[in-house]
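Student:
There are 2 protein chains.
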Amino acid sequence: MTTSTLPQGVNAQTISLRLGHPDPATLGTPSFQEAVRRVMASPQAAHALAYGNEQGSVDLIAYLVERINREQHLSLGAENVTITAGSTNATDMIARLYTQPGDAVIVEAPTYVDSLHVFRDHGVRLYGVPMDSEGIRSTELESLLKQLASEGINVPLLYTIPNFHNPTGITTSEQRRKAIIELARQYGVLIVEDDVYRDLAFEAAVPPSYLALAGGEHAMQIGSVSKTIAPGLRVGWIATAAEHVQRFVDCGTTQMGGGANPLAAQFVAEYCKAGSWDAHLEDIRHLYSTRRDALLDALSRYMPPEVTWTQPLGGFFVWLTLPEGLNGAAIKRAAAERGVLVASGEGFFTQPQAHPNHLRLTYSFAALEDIGKAVRILGEVVRGN
Amino acid sequence: MTTSTLPQGVNAQTISLRLGHPDPATLGTPSFQEAVRRVMASPQAAHALAYGNEQGSVDLIAYLVERINREQHLSLGAENVTITAGSTNATDMIARLYTQPGDAVIVEAPTYVDSLHVFRDHGVRLYGVPMDSEGIRSTELESLLKQLASEGINVPLLYTIPNFHNPTGITTSEQRRKAIIELARQYGVLIVEDDVYRDLAFEAAVPPSYLALAGGEHAMQIGSVSKTIAPGLRVGWIATAAEHVQRFVDCGTTQMGGGANPLAAQFVAEYCKAGSWDAHLEDIRHLYSTRRDALLDALSRYMPPEVTWTQPLGGFFVWLTLPEGLNGAAIKRAAAERGVLVASGEGFFTQPQAHPNHLRLTYSFAALEDIGKAVRILGEVVRGN
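Chains A and B are the protein sequences, given in the same order. Per my numbering, residue 3 is the first one in the first sequence, and the count goes up by one each step. Per my numbering, residue 3 is the first one in the second sequence, and the count goes up by one each step.
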């Protein structure tokens with residue numbers, strides 16, 4: 003990767019523990035290049051270059067249905083999966099079709115900052131529910147649902163990132179998922195399960211998905227290849243009940259533009275069907291878990307004892323809680339001046355000003371040999387040296 | 003193209019004058035294949051596979067700015083163009099960011115049915131203004147704007163297809179464009195100029211664009227490669243004032259997903275910079291104008307004298323007006339039974355029931371040798387034989 007290909011704000015002199023991006027060196031592998039060549043040389047090329055099947059690439063849907071059923075012990079059919087232009091398009095389409103301005107959408111506190119932004123663009127009201135080490139706290143969730151019901155506020159959606167959560171790295175426990183499904187059923191709330199990190203489990207398998215626990219109903223599961231194949235393809239999907247898939251197929255954008263990114267989706271289908279994704283996942287799980295270990299090790303070594311952090315079992319993120327009185331945004335700025343980029347935590351909350359003392363660190367983007375150095379500098383900044 | 007690659011509802015036994023799709027034989031040409039190979043083999047591949055620059059492929063923006071300035075006598079900079087995932091994403095993003103539910107959006111009557119659908123998904127109220135051979139009738143437009151103002155209804159957007167309009171094939175005259183800009187300025191309405199057919203001018207150059215006539219303000223010009231390179235790429239753009247481009251860059255979906263379709267946009271940039279688009283446009287203008295001639299010739303030969311139709315100077319569409327009492331939807335069904343697919347006109351209006359006697363024919367998809375046969379059959383259906 004040359005300097006000119008580095009994302010905005012990153013240069014050869016800085017170390018980024020800020021970006022939740024896959025390592026650029028993992029993109030465009032020989033097996034992916036080969037998949038592109040095969041698609042372009044095949045009779046499918048002209049098909050993939052035309053307006054696509056509205057539900058998305060038939061080949062990719064078939065692959066995903068088999069994979070999801072095998073991994074999640076479901077029995078979905080082709081009518082249960084639609085291809086999207088990444089998880090962004092999935093989230094935006096769900097917000098567009100399932101909310102009205104003024105509706106409430108419940109999210110984790112904290113949650114993925116850009117999802118907050120997508121929902122806000124649709125004029126919904128966002129309510130954050132605190133998390134503990136098992137995920138959203140169900141007692142607080144129940145109180146909120148009661149309160150919103152008593153105020154007559156419609157709550158169409160609960161948006162959650164159950165595995166290796168962004169920004170905290172927390173995986174919601176099975177018991178907690180069951181409690182949340184129970185509440186979602188009771189209050190008629192659809193669960194939007196943003197599960198783009200599920201293929202990056204370093205240790206144990208992830209708990210059963212919301213979609214699986216809810217028997218294919220009451221949940222929309224969003225997947226993506228952005229974290230594990232390449233974000234520049236813009237390919238993702240939604241697995242859910244057939245009635246919802248039909249609604250996505252019938253909506254204006256799908257009717258106008260056809261299925262999502264037909265050519266890119268065909269590249270992905272070809273790559274996956276050849277077994278290349280599974281082989282690549284082995285490689286990058288090793289790559290990222292080694293970096294995770296290095297980051298956690300460096301945090302133990304360099305952080306003052308009053309700082310705490312999460313222990314992610316996969317994904318890209320570690321969440322730091324600074325002692326009261328320390329300001330994440332100030333730490334972020336001071337670290338940036340010393341060449342270390344991190345995200346401060348307040349923007350991940352619906353009420354930023356109430357949560358000034360967090361940082362989010364990523365281990366997906368920085369080189370292994372830079373992680374220790376970056377955390378040492380960050381530790382010095384936190385100590386005020 | 004094998005039967006398995008034909009769009010839904012089309013088979014080897016039918017002739018489609020219904021689809022507004024480019025001819026599948028024009029997709030995936032050797033020069034496009036070559037552009038894909040060059041991108042994948044270059045150091046830009048890893049960059050194009052990563053999260054993209056939020057405004058879109060820098061190379062494609064640079065190409066488009068130069069082209070738009072040259073062709074439209076504008077002096078745009080890079081800050082005036084953003085890449086989108088086709089015109090669909092452009093229309094949806096404009097609707098999302100520039101309208102509130104209950105707002106009025108003014109459209110041509112008739113207009114592109116799928117744009118109506120995209121706007122409706124955002125809860126806006128659609129008002130159609132009748133067209134004549136020069137485009138939207140400005141006196142009716144002025145009356146409507148006055149009426150909506152008196153009712154206190156906000157009118158953020160006027161959506162128009164100025165060149166080779168879908169479904170009528172009409173090109174709005176320069177004089178009419180100037181009158182409409184005047185009204186748009188007076189009432190504070192932004193003009194959304196859906197100009198995806200402008201590169202398919204068979205005879206004279208198209209009139210000056212709204213964007214050019216309005217000096218780069220008061221208009222958002224939507225472009226796309228879907229009609230002239232390949233719809234399966236999902237690459238389009240918006241050219242407009244920098245403040246609007248900034249709003250697209252800052253919105254939730256762009257912040258979450260990065261710029262639109264980085265890999266596909268890089269394929270397009272490579273293809274265009276090599277001069278391949280211009281060469282291809284020469285070829286397909288000839289292809290489609292020959293078919294247009296065949297269709298118009300066949301209409302003259304086979305339609306009863308009480309049927310009238312438009313004379314498009316480019317694009318894909320001819321609009322038929324049937325005598326009062328004949329029903330377009332019934333004609334469509336009867337023609338389909340005899341293997342000829344056409345679109346009936348009512349769905350292109352905001353008030354379908356008031357416009358039962360139109361058909362839209364396309365000449366982009368059917369083979370030249372099938373067009374005469376299809377129109378002969380359609381003529382027999384219209385005559386009730």
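Note that the Cβ used here is the ideal one computed from N, Cα and C, for glycine as well. Predicted, not measured: the structure shown is a model, and the values here were computed from it.
1. Considering only residues of the same chain and omitting the five flanking positions on each side of Ile-286 of chain A, which have a CB-CB separation below 6 angstroms?
2. For Glu-219 of chain A, which three-state DSSP category applies?
3. Which residues, in chain order, does the segment 43-65 of chain A contribute to contact with chain B at a C-beta distance below 7 angstroms?
4. Please look up how many angstroms separate the CB atoms of Ile-193 of chain B and Thr-162 of chain B, rounded, as I've assumed it's under 8 angstroms.
5. Is it a yes or a no for the segment 15-34 of chain B touching the segment 342-355 of chain B, going by three-plus beta-carbon pairs under 8 angstroms?
6. Compile a chain-ordered list of the residues in the segment 108-122 of chain B whose CB is closer than 9 angstroms to at least one CB of chain A.
7. Taking one C-beta from the segment 284-302 of chain B and one from the segment 153-172 of chain A each time, how about it: are there three or more such pairs within less than 8 angstroms?
8. Mind listing which residues of the segment 260-275 of chain B have their C-beta closer than 7 angstroms to chain A's C-betas, in chain order?
9. Could you compute how far the alpha carbon of Asn-71 of chain A sits from the alpha carbon of Lys-275 of chain A?
10. For Leu-322 of chain A, would you say it is in contact with chain B, using Cβ-to-Cβ distances shorter than 8 angstroms as the test?
11. State yes or no: is the beta carbon of His-1 of chain B nearer than 8 angstroms to at least one beta carbon in chain A?
12. Could you give the C-beta distance for Glu-110 of chain B and Ile-138 of chain B, rounded to a whole number, given that I count them as a contact under 8 angstroms?
13. With three or more beta-carbon pairs closer than 8 angstroms as the criterion, would you say the segment 47-66 of chain A touches the segment 310-319 of chain A?
14. Could you tell me whether the Cβ of Met-222 of chain A comes closer than 8 angstroms to any Cβ of chain E?
15. Any C-beta of chain B sitting closer than 8 angstroms to the C-beta of Leu-99 of chain A?
16. Would a check of beta-carbon distances place Gly-38 of chain B closer than 8 angstroms to chain A?
17. Which whole-angstrom value describes the C-beta separation of Lys-229 of chain A and Val-270 of chain A, a residue pair presumed to lie in contact below a C-beta threshold of 8 angstroms?
18. Can you give, in chain order, each stretch of the beta strand (DSSP E) that sits fully within the segment 60-108 of chain B and has at least 3 residues?
19. Should Arg-69 of chain A be flagged as near chain B, meaning a C-beta pair shorter than 8 angstroms?
20. Are Leu-315 of chain B and Glu-142 of chain B close, meaning C-beta to C-beta below 8 angstroms?
21. Report yes or no: is there a C-beta of chain B within less than 8 angstroms of the C-beta of Leu-159 of chain A?
22. Does the segment 372-384 of chain B touch the segment 297-304 of chain B, meaning 3 or more C-beta pairs lie closer than 8 angstroms?
23. Cβ of Gly-327 of chain A less than 8 angstroms from any chain B Cβ?
24. For the structure I just gave you, are there three or more beta carbon pairs, one from the segment 98-118 of chain A and one from the segment 127-134 of chain A, closer than 8 angstroms?
25. Suppose the cutoff is 6 angstroms on Cβ atoms and the five residues either side in sequence are ignored; what does the same chain contact list for Thr-7 of chain A look like?
26. Using a Cβ-Cβ cut-off of 8 angstroms, state whether Gln-35 of chain B counts as contacting chain A.
27. Determine whether the Cβ of Gly-190 of chain A lies closer than 8 angstroms to any Cβ atom of chain B.
28. Under 7 angstroms Cβ-Cβ, which residues of chain B neighbour His-23 of chain A?
29. Gln-257 of chain A and His-357 of chain B - do their beta-carbons sit closer together than 8 angstroms?
30. Quick one: residues in its chain with C-beta nearer than 8 angstroms to the C-beta of Ala-296 of chain B, no 5 flanking neighbours on either side, listed in chain order?
31. Under DSSP, the alpha helix (DSSP H) around Glu-195 of chain B begins and ends at which residues?
32. Taking contact to mean 3 or more Cβ pairs, one atom from each stretch, closer than 8 angstroms, check whether the segment 235-242 of chain A and the segment 73-82 of chain B are in contact.
33. Using a Cβ cut-off of 9 angstroms, which residues of the segment 78-91 of chain A contact any Cβ in chain B, in chain order?
34. According to DSSP, is Pro-390 of chain B part of a helix, a strand, or is it coil?
35. When DSSP labels each residue in this structure, what does Ser-117 of chain A get in the three-state scheme?
36. What number of angstroms, rounded off, separates the C-alpha of Ser-33 of chain B from the C-alpha of Arg-39 of chain B?
Tutor: Well, looking at it:
1. For this step, residue 286 of chain A is matched to residue 284 along the first sequence. Once the five neighbours on either side are set aside, the close Cβ partners of Ile-286 of chain A are Thr-28.
2. Position 217 of the first sequence holds residue 219 of chain A. Taken through DSSP and simplified to helix, strand or coil, Glu-219 of chain A comes out as coil.
3. Of all residues in the segment 43-65 of chain A, only Pro-45, Ala-47, Ala-48, His-49, Ala-50, Leu-51, Ala-52, Tyr-53, Gly-54 come within less than 7 angstroms of chain B when Cβ atoms are compared, listed by chain position.
4. Reading the second sequence from its first residue, position 191 is the one you call residue 193 of chain B. Reading the second sequence from its first residue, position 160 is the one you call residue 162 of chain B. The pair is a contact, with the Cβ atoms about 7 angstroms apart (cut-off 8 angstroms).
5. At 8 angstroms Cβ cutoff, the stretches touch.
6. Listed by position, the residues of the segment 108-122 of chain B near chain A (Cβ gap below 9 angstroms) are Tyr-114, Val-115, Asp-116, Ser-117, Leu-118, His-119, Val-120, Phe-121, Arg-122.
7. No: fewer than three Cβ pairs fall under 8 angstroms.
8. Of all residues in the segment 260-275 of chain B, Gly-260, Asn-263, Pro-264, Leu-265, Ala-266 have a Cβ within less than 7 angstroms of some Cβ in chain A.
9. Residue numbering aside, residue 71 of chain A sits at position 69 when the first sequence is read from its first letter. Residue numbering aside, residue 275 of chain A sits at position 273 when the first sequence is read from its first letter. If I take the Cα positions, the gap works out to 16 angstroms.
10. On the first sequence, position 320 is the one that residue 322 of chain A refers to. Leu-322 of chain A does not count as touching chain B.
11. Nothing about residue 1 of chain B can be read from this structure; chain B reaches only from 3 to 387.
12. Start at 1 with the first residue of the second sequence, and residue 110 of chain B comes out as number 108. Start at 1 with the first residue of the second sequence, and residue 138 of chain B comes out as number 136. The Cβ separation is near 5 angstroms, so the contact holds.
13. In short, these stretches do not touch, since the Cβ pair count stays below three.
14. No chain E is part of this structure, whose protein chains are labelled A and B.
15. Walking along the first sequence from the start, residue 99 of chain A turns up at place 97. Chain B contact via Cβ: present.
16. Here residue 38 of chain B is taken as the residue at index 36 of the second sequence, counted from 1. Reading off the sequence shown, one finds Val at residue 38 of chain B, where the question assumed Gly. Taking CB atoms only, Val-38 of chain B has a neighbour in chain A less than 8 angstroms away.
17. Along the first sequence, one-based indexing puts residue 229 of chain A at 227. Along the first sequence, one-based indexing puts residue 270 of chain A at 268. Contact annotation, Lys-229 of chain A with Val-270 of chain A: C-beta distance approximately 13 angstroms; criterion of less than 8 angstroms not satisfied.
18. Every beta strand (DSSP E) of 3 residues or more that sits fully in the segment 60-108 of chain B is shown, in chain order, as 83-86.
19. The residue you call residue 69 of chain A lines up with position 67 of the first sequence. Taking Cβ atoms only, chain B never reaches closer than 8 angstroms to Arg-69 of chain A, which makes this a no.
20. As a working mapping, residue 315 of chain B is identified with position 313 in the second sequence. As a working mapping, residue 142 of chain B is identified with position 140 in the second sequence. Their beta carbons are not under 8 angstroms apart, which means Leu-315 of chain B does not touch Glu-142 of chain B by this criterion.
21. Position 157 of the first sequence, counting from 1, holds the residue named residue 159 of chain A. False, the Cβ-Cβ gap to chain B never drops below 8 angstroms.
22. Contact holds between the segment 297-304 of chain B and the segment 372-384 of chain B, because three or more Cβ pairs, one in each stretch, are under 8 angstroms apart.
23. Within the first sequence, the letter at position 325 stands for residue 327 of chain A. With 8 angstroms as the cut-off, Gly-327 of chain A does not count as an interface residue toward chain B.
24. Flag = yes, the segment 98-118 of chain A and the segment 127-134 of chain A touch.
25. On the first sequence, position 5 is the one that residue 7 of chain A refers to. Residue placement at Thr-7 of chain A cannot be trusted, given a pLDDT of 49 that sits under 50; what the coordinates show is reported in the next sentence. For Thr-7 of chain A, there are no CB contacts under 6 angstroms within the same chain when 5 residues up- and downstream are skipped.
26. Counting from one through the second sequence, the residue named residue 35 of chain B turns up at place 33. Yes, Gln-35 of chain B lies at the interface with chain A (some Cβ there is under 8 angstroms from its Cβ).
27. What you label residue 190 of chain A is simply residue 188 of the first sequence in a count that begins at 1. So, not an interface residue.
28. Here the question's residue 23 of chain A lines up with position 21 in the first sequence. Residues of chain B whose Cβ lies closer than 7 angstroms to the Cβ of His-23 of chain A are, in chain order, Ala-52, Tyr-53.
29. Position 355 of the second sequence, counted from the start, is the residue given in the question as residue 357 of chain B. Position 255 of the first sequence, counted from the start, is the residue given in the question as residue 257 of chain A. Not in contact: His-357 of chain B and Gln-257 of chain A (Cβ atoms no closer than 8 angstroms).
30. Counting from 1 along the second sequence, the entry for residue 296 of chain B is found at position 294. Within the same chain, Cβ atoms closer than 8 angstroms to the Cβ of Ala-296 of chain B are found at Tyr-365, Leu-370, Ile-373, Gly-374, the five residues on either side in sequence being excluded.
31. Counting from 1 along the second sequence, the entry for residue 195 of chain B is found at position 193. It is not in any alpha helix (DSSP H) - Glu-195 of chain B instead sits in the beta strand (DSSP E) that spans 192-196.
32. By the criterion of at least three beta-carbon pairs nearer than 8 angstroms, the segment 235-242 of chain A is not in contact with the segment 73-82 of chain B.
33. Listed in chain order, the positions of the segment 78-91 of chain A with a beta carbon within less than 9 angstroms of a beta carbon of chain B are Ala-87, Gly-88, Ser-89, Thr-90, Asn-91.
34. A query on residue 390 of chain B cannot be resolved here, the shown segment of chain B reaching from 3 to 387 and no further.
35. Start at 1 with the first residue of the first sequence, and residue 117 of chain A comes out as number 115. In the structure shown, Ser-117 of chain A falls within a helical segment according to DSSP collapsed to helix, strand and coil.
36. Position 31 of the second sequence, counted from the first residue, corresponds to residue 33 of chain B. Position 37 of the second sequence, counted from the first residue, corresponds to residue 39 of chain B. Spanning the two alpha carbons is a distance of roughly 10 angstroms.
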